[in-house]
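As structure tokens, the structure follows; a few thoughts come after it.
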Amino acid sequence: LADSSWGDPRPPVFLFPGLASSRLVAWKAKKCIGPDINVQDNLWLNVQKVVETLTFDPRCWLDCLKLGPNQTDPEDCRVRPGDGLDAVSVLSPGLFTEKPTSVYNNLISYISEAYGYDKNSIIGFPYDWRLSPGKLEERDGFFSSTKARIEAAVQLNGRPGIVFAHSMGNNCILYFFKWLKLRFPRSWESWLTKHIWTYVALAPPLLGAISPLKSVLTGEPMGLPITERMARDL
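Each position in the sequence shown, counted from 1, maps to that position plus 1 in the working numbering.
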């Protein structure tokens, strides 16, 4: 990014977050014993909502986030990933919660200040990390929209981009490459050459991830103010 030979504009940056690092937003109201869940409430991660549900209705928030056995929404709740950079910058904005829940916020701030990047050249790709790769495309059209957004950014900036992927985001981008190969067997390699300059893998879980397993087996809450039983369910 610092190479002066790039000139202006510089290559666009594509940000793929890791497990539990995209905001999830409610798109259906849900009645709770205490404060209700309303349309466009930030559910993941909303520390205030976690505290409220533990105080008044221990199951409401958790049941809204859980998917059915076929990765379907519960009857009384619908949750979808947030949009754009905001959804991969900070999960729970607030005076005391912003730093602990920061995802790509520091990187976005740095390259904006140091190299003049803006919303046209930094593109966030939030996704529903609860879903399998096939469901990401089937339900949300994630891979199709990823392709279209990358193409638009490359056309606007006039050069191929840089992919940054963290943790599970690496699996996500690799699934995207596989989807390209299956959907466009004759042109996928030329598409990658035209649109992706380089790929930066940050902590890829190529041998799996231990933290989610710890939560399932032992109830490790991963820093959240929830009980061990809730952590296992989550």
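Note that beta-carbon positions come from the ideal geometry of N, C-alpha and C, so glycine has one too.
On a predicted model such as this, the values are computed, not experimentally measured, just so you know.
Would you call the segment 14-26 in contact with the segment 166-177, where contact means no fewer than 3 C-beta pairs closer than 8 Å? Note that the segment 14-26 touches the segment 166-177; at least 3 beta-carbon pairs, one per stretch, sit closer than 8 Å.
Quick check for students: name the residue ranges of the alpha helix (DSSP H) that lie wholly in the segment 137-221, counting only runs of 4 or more. 143-158, 169-184, 189-196 and 211-219
Whole-angstrom distance between P82 and Y128, CA atom to CA atom: 5 Å
Neighbourhood of P36 by C-beta distance below 6 Å, restricted to the same chain and skipping five residues each side: E53
For I124, which of helix, strand or coil comes out of DSSP? strand
Strictly by DSSP, which residues pair up with K31? I38
Thinking C-beta only, is L44 closer than 9 Å to L68? no
Rounded to a whole number of angstroms, what is the C-alpha to C-alpha distance between I124 and Y105? The alpha-carbon atoms of I124 and Y105 are separated by roughly 11 Å.
Within the chosen definition, does the segment 89-102 reach the segment 131-148 through at least 3 CB pairs nearer than 8 Å? no
Any contact between the segment 25-32 and the segment 179-194? By contact I mean 3 or more CB pairs, one from each, below 8 Å. The way I'd put it, the segment 25-32 doesn't touch the segment 179-194; fewer than three beta-carbon pairs between them come closer than 8 Å.
Could you check whether the segment 153-163 touches the segment 193-200, counting it as contact only if at least three pairs of C-beta atoms, one from each stretch, sit closer than 8 Å? yes
Exposed or buried, what is T102 when buried is set at 16 or more other beta-carbons lying within 10 Å of its beta-carbon? buried
Cβ shell of L86 (< 7 Å), same chain only, five flanking positions each side left out: I109, K120, I123 and G125
Name, in chain order, the residues that DSSP records as bridge partners for V14. I123 and I163
Sort E229, P12 and R230 by Cα distance to G117 and report the nearest one. Ranking the options by Cα distance to G117, first place goes to P12.
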